[in-house]
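Using the numbering used here, the letters of the sequence shown correspond one by one to residues 897 to 1263.
Here's the structure we're looking at; comments come further down.
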Amino acid sequence: MSTRKKPVNRGKLRIGDNWNAITIIALSQSNPLKAIAEFVENSIDARASNITITRGRVRGEHYLKIVDDGEGIPKDSDGLPDFKYVATHICDSIKRKMKKEGVSGIQGEFGIGLLSFWTVGEELRMVSSSTDGKTYEMIMKKGSPGYTINRKRTLIPVDGTELTVIPLLPGVRSLNGEKIQRYLASELRDRIRKTGVTIKIVDRVARKQLIVEPREFNGRLLHQLPQPQTDLGEIYVELYLNETSAENRVGLYRKGTRVLQSVSELDRFACEPWTSGYLEGIIDVPFLNLTPGTRSGIIQDSSFESFSEAMKPLEERLIEIIQEQKRAEEERASKKILKTVQKALREAILSLPREEYDWFDIHTGSG
C-alpha cells in the first residue's frame, strides 16, 4: 500500500514589496469613467441622498469634485474622521466586514476604490467633518506612498464627504459632463433606481447642469420568460425586444452596478441570442465574483458556472422569440415589396397612351 510523501516544506505567500503591490493595484483600473463611478458608489454606500459632481478649472488646473450629503468618513474613538484607517487599510475593506454583519445596500468589498484616482488625476483631497463640526482634509498624491491629514478651516461644517481630484490627467480633461452623465446612467442604473439618490453634474467648463437619470430601454418588454434558478441566489433579468441594431446590448450587472456593457463580451455568451442585435436590457447576477482591480472582469469559477447553466432555458426561449420576430419581419417585408410592385404596375399602366393600348381594357358583353 502506497503512502503519500510528506511535503519537504510548507509556508504562506506574502507580499515582498508593499509599495510595488499598491502601485500595481492603483494602476489596474484603466477606465477613468469607471473610477469616477466608484467614487460615486462610495457616496451611495455612505447613504447619500444627493451627490454633486463638479467639473471645473481653477488657476489653470482642471479638477473633478464629488460632494455628497452622506454619513461621511467613519469616525475614530475621538470622533475624528478616521482618514488614517482609510489610508493604511488598503485591501482591508470595512464594507466587506459590514456586509458579513448583515448590513445591506452597499457595494464595495476590496478596499481599493480610492486608489483608482491615479487613473484620473495627480492628487486626491478628501474632506469630512468630526462629530464636533470641525473639518479635516486628507491628501494623497499619485506615485507617493505618503499621505497628510490637516485641519481645514471652513465657514460651514462639511455634511458628508467632499472628494477632489486635481489636476486631471491630460486624457481625462476631455470627459465632459455629458459623457459622465451617459456613463453613470448605464453603469449605476439599478443602484440609482433602488436608492433614489439624486446625482447632479455641474460642468463649469461647458456651463451646463445635468441630472443623471437611470437609462431607459426601447423596444417591447418581454414577459413570461423562464426565470434562471440557482442555489446561490436570484438572477434578475429585464430584457427588451427591439428592431435589430448593433447598438442593442444586454449589460451584465452585479448588485445594480454594471460589470460589462454586453454579456456577449464573455466567450460563453458570445453567441445567439446575445449577439443577435435584437435584445437590450440587463442581467443582474449578485453572486458573481469580480476581479478586484478593474471591477470589469468575471472570475470564471463555480459561481460563474452556476450562472451559465441557469441561463440555458432562457436562451432557448429567447432564440425562439427572435426567430418569430425574424419571420414577422420577413412577412412584412414581402407584403411591402408586393405593394410596391403593384403600385408601380398601376402607375405604369396609367401612364400608357390609352388609344394605343386599349387592349388592356376588359370588355364585357351583354350576352
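Where a beta carbon is used, it is the ideal one built from N, C-alpha and C, also for glycine.
Residue range of the unbroken beta strand (DSSP E) whose run includes residue i
i	result
G1147	1146-1150
N914	No beta strand (DSSP E) holds N914; the alpha helix (DSSP H) holding it covers 914-922.
K961	957-964
E1112	Element bounds for E1112: n/a, residue is neither H nor E.
G1097	It should be noted that the sequence gives Ile, not Gly, for residue 1097. It spans 1094-1099 - the beta strand (DSSP E) in which I1097 sits, taken as one unbroken run.
V1023	1017-1025
Residue range of the unbroken alpha helix (DSSP H) whose run includes residue i
i	result
R1085	1085-1091
I889	Residue 889 falls outside the range modelled here, since the chain spans only 897 to 1263, and no answer is possible.
E937	928-941
Y981	979-984
Residues near residue i by beta carbon distance below 7 Å, same chain, minus five either side
i	result
T940	Strictly speaking, residue 940 in this sequence is Ile, with Thr absent from that position. R1087, T1091, V1093.
Nearest-angstrom Cα separation, counted from residue j out to residue i
i	j	result
V1101	N946	22 Å
V1108	A933	12 Å
V963	Y1136	35 Å
R1069	R1078	16 Å
K1151	E1019	30 Å
F1200	V1155	14 Å
A917	N1046	27 Å
N905	D1197	29 Å
K1048	D972	18 Å
I911	L1118	50 Å
T1057	Q1120	44 Å
L1106	L909	48 Å
W915	A922	10 Å
D1055	S1025	7 Å
P1122	E1226	27 Å
R1085	F1113	11 Å
I1035	G1009	15 Å
Y981	E1139	52 Å
D1127	G1039	44 Å
C-beta atoms of residue i and residue j nearer than 8 Å
i	j	result
E1266	T984	Nothing in the structure corresponds to residue 1266, since the chain is present only between 897 and 1263.
I1076	I1062	no
R951	N1072	yes
L976	Y1032	yes
I1194	L1234	no
Own chain, CB closer than 6 Å to residue i, minus 5 neighbours either side, in chain order
i	result
M994	With a pLDDT of 42 at M994, under the threshold of 50, the modelled position of that residue is not reliable, and the figure given next carries that caveat. Result list for M994: empty, nothing under 6 Å.
F1203	V1181
I1178	E1134, G1147, Y1149
I949	I962, I1097
M1207	P1124
A931	Q925, S1012, T1015, V1016
R1293	Here the chain comprises residues numbered 897 to 1263, so residue 1293 is not present and cannot be evaluated.
G1129	P1182, F1183
Residues near residue i by beta carbon distance below 8 Å, same chain, minus five either side
i	result
P1209	P1122, P1124
Review point. Which full runs of the beta strand (DSSP E) of 3+ residues lie inside the region 1121-1145, going along the chain?
Key: Listed in chain order, they are 1132-1137.
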